[in-house]
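Numbering follows the working numbering, in which position 149 of the sequence shown is assigned residue number 162; successive positions increment by one, without gaps.
Report on one structure; see the data block that follows.
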Amino acid sequence: IDADDKHLCGFTNNACGRLLCPAEFDWNDPVTRAGIRDCTEGYIVTDLSLPAFLYDKYSANSDDLEEGLFKGKILLQASIARAYKAVFTSPSSAKDVEGNGDGSDIIRNNRLTKKSAAGVKVKKHVAETIKMRKVSPRSIAYIACQVRFALSSVTSWWSVDGDFDYIQFWRTIVDFFE
């Protein structure tokens with residue numbers, strides 16, 4: 014994946030497409046891939062379609078769509094910890110992520126870094142400004158939106174991207190937890 018060319022991401026890219034594919038579909042099925050890419054009726058991806066990247070092993074149990082939800086590797090491993098640090102503390106703080114990647118240690122660890130190497134107090138980060146002390150349903154939803162956007166082929170942020178409404182997607186995730 015070329016980080017400088019988002020046109021090669023999204024559903025046209027098999028790796029990104031697999032992660033963005035609604036978990037109730039099988040991305041390995043050529044009919045499914047074609048249907049999603051062509052926006053064929055029955056395969057239109059909307060904000061109500063929970064993408065595979067949210068699930069453990071990137072697939073859902075069709076009998077229980079909550080099983081494995083929010084346990085996807087992208088959400089639990091270092092990449093999401095880095096995403097949290099980059100968004101809620103600072104991009105440079107994301108370079109050295111420690112812990113098991115569950116996100117619970119990110120803000121605590123960052124509180125230890127209040128001064129620059131020269132001993133000068135640094136500017137408050139977003140988490141400190143909004144008094145964020147732990148990972149919350151809203152922050153999970155926000156990062157899920159950011160990950161979805163990063164995987165997509167869309168080059169600039171809009172709250173509605175074709176048939177996909179990021180605001181409704183965010184609300185769906187928050188509602189799941191609350």
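In this text, a Cβ means the ideal position worked out from N, Cα and C, and glycines have one as well.
Helix, strand or coil at residue i according to DSSP, with G and I counted as helix
i, result
"residue 18", "coil"
"residue 41", "coil"
"residue 51", "coil"
"residue 74", "strand"
"residue 83", "coil"
"residue 178", "strand"
"residue 68", "strand"
"residue 153", "helix"
"residue 46", "helix"
"residue 206", "Residue 206 lies beyond the residue range present for the chain, which begins at 14 and ends at 191; the question has no answer from this structure."
"residue 146", "coil"
"residue 191", "coil"
"residue 25", "helix"
"residue 58", "coil"
"residue 117", "Because the pLDDT at residue 117 is just 47, under 50, the model does not fix this residue reliably, and the value given afterwards should be weighed accordingly. Here residue 117 sits in coil by DSSP."
"residue 167", "coil"
"residue 112", "Its pLDDT being 49, under 50, residue 112 is placed unreliably by the model, and the measurement read from it follows with that caveat. Coil."
Top-ranked residue by Cα proximity to residue i, from the options
i, options, result
"residue 87", "160, 31, 28 and 18", "160"
"residue 190", "24, 170 and 82", "82"
"residue 79", "36, 59 and 57", "36"
"residue 58", "182, 18, 157 and 188", "182"
"residue 154", "75, 66 and 70", "66"
"residue 64", "51, 169, 20 and 28", "28"
"residue 176", "25, 42, 20 and 61", "61"
"residue 31", "72, 146 and 19", "72"
"residue 38", "20, 76 and 141", "76"
"residue 21", "148, 74 and 163", "163"
"residue 17", "180, 171 and 165", "165"
"residue 158", "147, 170 and 148", "170"
C-beta contact flag for residue i and residue j at 9 Å
i, j, result
"residue 167", "residue 48", "no"
"residue 187", "residue 151", "yes"
"residue 55", "residue 68", "no"
"residue 52", "residue 45", "no"
Residues bridged to residue i (per DSSP)
i, result
"residue 173", "178"
"residue 35", "64"
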